[in-house]
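Take a look at the structure set out below.
Here's what the structure looks like:
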């Protein structure tokens, strides 16, 4: 079982995102355990203060190092059964390395993931330097806090755990996981993080004059695979050309 522990000043935020669909089922089947911890519990003053003004001046407030360290060290002590090498302590912030499908695959191999949600103008840098094992950002934009980012990481990682999805082939054919080498069975190496997947269609065959490509109804799996390879390459080139160097197309000819 993969344990997610989320350190946040808004633990109630996560009641909604984690109580539906795949995440709900993954918890019920004990593939994952998700717990949100109130950072204010790890303060000692009567006001339960978690933030202070930044040294050097400037607008806004900064999360203090002390309660964050206490929270994470408490979680580590409570989960000593987890091997150090299989534990990850992640600070979520705009300054972090971009979260990708490759990183999600890596994290899915862990036993324990502690997510620290930033807030205000940031977190005391000593958390990033001396506590977190990695610092992640879910995109080149700024959120009001790390809670949404934490929910994204939990969702992306959980669906990669065997048994979390109803159809395991779906995981291998996702965008950013898909490589045409996976073929129609979806079998691939988890390290092969590739490009965008192909366009998908369903009934009706014609909608407002727009028809489903005939090749998809031909039953010719070899030709369908070739079509999907071409469309995947085209969409990746059009929408995310930066991903093209990652792709190696090996569809059956």
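Numbering (my numbering), first residue to last: -19 to 233. Here a beta-carbon is modelled for each residue, glycine too, at the ideal position from N, C-alpha and C. All of these numbers come straight from a predicted model, not from anything done at the bench.
Taking the Cβ atom as the reference point for each residue, do residue i and residue j lie within a distance shorter than 8 Å?
i: residue 96; j: residue 48; result: yes
i: residue 203; j: residue 192; result: no
i: residue 45; j: residue 22; result: no
i: residue 12; j: residue 124; result: no
i: residue 9; j: residue 69; result: no
i: residue 60; j: residue 101; result: no
i: residue 256; j: residue 104; result: Shown here, the chain extends from -19 to 233; a query on residue 256 therefore has no answer.
i: residue 55; j: residue 94; result: yes
i: residue 234; j: residue 176; result: Lying outside -19 to 233, the shown extent of the chain, residue 234 is not represented and no answer is given.
i: residue 89; j: residue 67; result: no
i: residue 127; j: residue -7; result: yes
i: residue 156; j: residue 81; result: yes
i: residue -11; j: residue 99; result: yes
i: residue 208; j: residue 178; result: yes
Classify residue i: buried if its beta carbon has 16 or more other beta carbons within 10 angstroms, exposed otherwise.
i: residue -4; result: exposed
i: residue 190; result: exposed
i: residue 144; result: buried
i: residue 160; result: Note that residue 160 scores 49 on pLDDT, short of 50, meaning its location in the model is unreliable and no value can be drawn from it.
i: residue 169; result: Any reading at residue 169 is ruled out, since the residue's pLDDT is 39, under 50, leaving its predicted position unreliable.
i: residue 58; result: exposed
i: residue 174; result: buried
i: residue 30; result: buried
i: residue 230; result: In this predicted model, residue 230 has a pLDDT of only 45, less than 50, meaning its place in the structure is not dependable enough to derive any value.
i: residue 167; result: Bear in mind that the predicted position of residue 167 carries a pLDDT of just 40, short of 50, making it unreliable; the figure below should be weighed with that in mind. Exposed is the call here.
i: residue 65; result: exposed
i: residue 187; result: exposed
i: residue 122; result: exposed
i: residue 35; result: exposed
i: residue 216; result: buried
i: residue 0; result: exposed
i: residue 6; result: buried
i: residue 201; result: exposed
i: residue 108; result: buried
i: residue 3; result: buried
i: residue -18; result: buried
Terminal residues of the continuous beta strand (DSSP E) containing residue i?
i: residue 17; result: 12 to 18
i: residue 114; result: 114 to 117
i: residue 92; result: 92 to 97
Would you mind reading off the limits of the alpha helix (DSSP H) that contains residue i?
i: residue -17; result: From DSSP, residue -17 is part of no alpha helix (DSSP H) but of the beta strand (DSSP E) over -18 to -12.
i: residue 70; result: It is not in any alpha helix (DSSP H) - residue 70 instead sits in the beta strand (DSSP E) that spans 67 to 78.
i: residue 128; result: 127 to 138
i: residue 8; result: 1 to 8
i: residue 46; result: 45 to 58
i: residue 207; result: 201 to 219
i: residue 87; result: 81 to 87
i: residue 107; result: 105 to 110
What whole-angstrom Cβ distance do residue i and residue j have, given they're in contact under 8 Å?
i: residue 118; j: residue 79; result: 5 Å
Check whether chain E comes within 8 Å of residue i, counting only Cβ atoms and requiring the distance to be less than that.
i: residue 59; result: No chain E appears in this structure, which consists of one protein chain only.
| message | For the stretch 5 to 22 against the stretch 59 to 78, do three or more pairs of beta-carbon atoms, one drawn from each stretch, fall closer than 8 Å, so that the two count as touching? | response | no
Does the contact criterion of 3 or more C-beta pairs under 8 Å hold for the stretch 119 to 132 versus the stretch 81 to 90?
no
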